[in-house]
Amino acid sequence: MAHRLITHLLKDLTNMRTKIIAGNWKMYKDLNESAELLNGLKTKLAVLPNGVKAIVCPPFTSLALAKTLLEGSPIAIGAQNMYHEDEGAFTAEISPKMLKSVGCQYVILGHSERRQYFKETNEFINTKAKKALASGLIPIICVGETLEEREKNITDQIVSVQVKGCLKDISSADAEKLIIAYEPVWAIGTGKVATPQQAQEVHQLIRKLIGQLYSWATAEKVVLQYGGSVKPENAKELLHQPDIDGALVGGACLKADSFAAIVQAAA
Ligand code: PGA
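Numbering that gives the first Met the number 0 numbers the first residue of the sequence shown as 0 and each following residue consecutively.
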């Protein structure tokens with residue numbers, strides 16, 4: 000309770016963390032569909048609310064188009080994954096250098112779908128996070144428990160192991176730059192959103208853990224996003240929790256109207 004109150008007060012006084020709303024397009028939108036969505040977003044989000052950032056993360060095939068179409072727009076670009084080498088014989092992989100050349104500033108790492116279908120481990124995600132940071136990309140590192148883990152009451156342990164594993168050997172100067180997205184797996188694409196209280200509890204746990212791993216000053220700077228069925232209707236309440244600094248949006252980012260509404264809700 001005391002922690003919550005102090006965080007609230009500090010946040011109100013200094014407004015220290017920018018709210019960051021990122022849209023993870025996943026494997027949706029071919030080139031024409033991407034152009035339509037990007038143009039819609041460019042119009043609807045021509046000016047971002049004060050203290051709010053918006054990021055689009057289209058599939059690799061639409062990144063260069065995003066760079067062109069979002070010229071002059073305040074919307075930033077991110078990728079959904081990357082490999083941890085600059086170049087080489089790694090068929091079908093994409094390097095941080097390539098991502099930067101198509102205008103990316105951010106990269107999502109360790110999304111639960113990558114963990115589930117492509118067997119990505121905390122160790123692998125950590126390797127990629129270090130490379131992203133060294134390359135000047137800001138990683139959005141995803142963590143979150145499955146339904147089974149929540150029902151077994153081991154959410155805290157699972158999320159702590161993920162956060163520690165993904166942050167291993169990352170300096171505090173680098174940790175301050177990154178974004179951690181808490182995405183309970185049971186809430187992704189299911190329409191079942193975590194309650195603001197459930198989300199806040201885990202966000203607070205993550206921030207405390209970062210405080211232990213680094214310092215409270217570092218913990219106060221790290222942006223923590225919530226992800227999992229974020230919609231215009233539930234965004235405001237989630238985004239006004241003291242430790243929720245943004246959202247990683249899947250389904251609702253595929254329409255310009257709903258993504259723009261979520262960005263507005265962060266104001
Ligand atoms: P969702 O996806 O908003 O469709 O639940 C979130 C995510 O996977 O990042």
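All C-beta atoms, glycine included, are put in the ideal place defined by N, C-alpha and C.
Bounds of any beta strand (DSSP E) do not take in residue 57, whose DSSP letter is neither H nor E. Following the DSSP letters along the chain, one finds residue 47 in no beta strand (DSSP E), marked with neither H nor E. Counting only the Cα atoms, residue 89 lies some 37 Å from residue 261. Residue 141 has 180 as its beta-bridge partners, per DSSP.
Counting every other CB atom within 10 Å of its CB across the protein chains shown gives residue 38 a total below 16, marking it as exposed. Residue 193 holds the alpha-carbon nearest to the alpha-carbon of residue 225 among 208, 193, 52.
A check of alpha carbon separations from residue 86 across 140, 76, 237, 130 identifies 130 as the nearest. The three-state reading of DSSP puts residue 247 in strand, counting E and B together. Counting only runs of at least 3 residues, the stretch 65-101 fully encloses the following beta strand (DSSP E) elements, listed from N- to C-terminal order: 75-78. Between residue 161 and the set 185, 229, 119, the nearest pair of CA atoms involves 119.
For the 8 Å CB-CB criterion, residue 182 and residue 111 form a contact. By the criterion of a C-beta distance shorter than 6 Å, residue 17 is surrounded in its chain by 50, 52, once the five residues flanking it on both sides are discounted. Within 10 angstroms of the beta-carbon of residue 60 lie fewer than 16 other beta-carbons, which makes it exposed. Around residue 103, the same chain offers 62, 76, 77, 78, 136 as residues with beta carbons nearer than 7 Å, after the five sequence neighbours per side are excluded. By the neighbour-count criterion, in which 16 or more other beta carbons inside 10 Å mark a residue as buried, residue 81 falls on the buried side. Exclusion of residue 257 from the 7 Å shell around ligand 1 follows from its C-beta lying no nearer than that to any non-hydrogen atom of the ligand. Where residue 106 is concerned, there is no enclosing alpha helix (DSSP H), although the beta strand (DSSP E) around it starts and stops at 103-108. Between the beta-carbon of residue 157 and that of residue 144 there is about 4 Å, and that keeps the pair under the 8 Å contact cut. The alpha-carbon of residue 219 is positioned some 31 Å away from that of residue 71. DSSP places residue 116 in the helix class (H, G or I) of the three-state scheme. Less than 8 Å separates the beta-carbon of residue 125 from that of residue 164.
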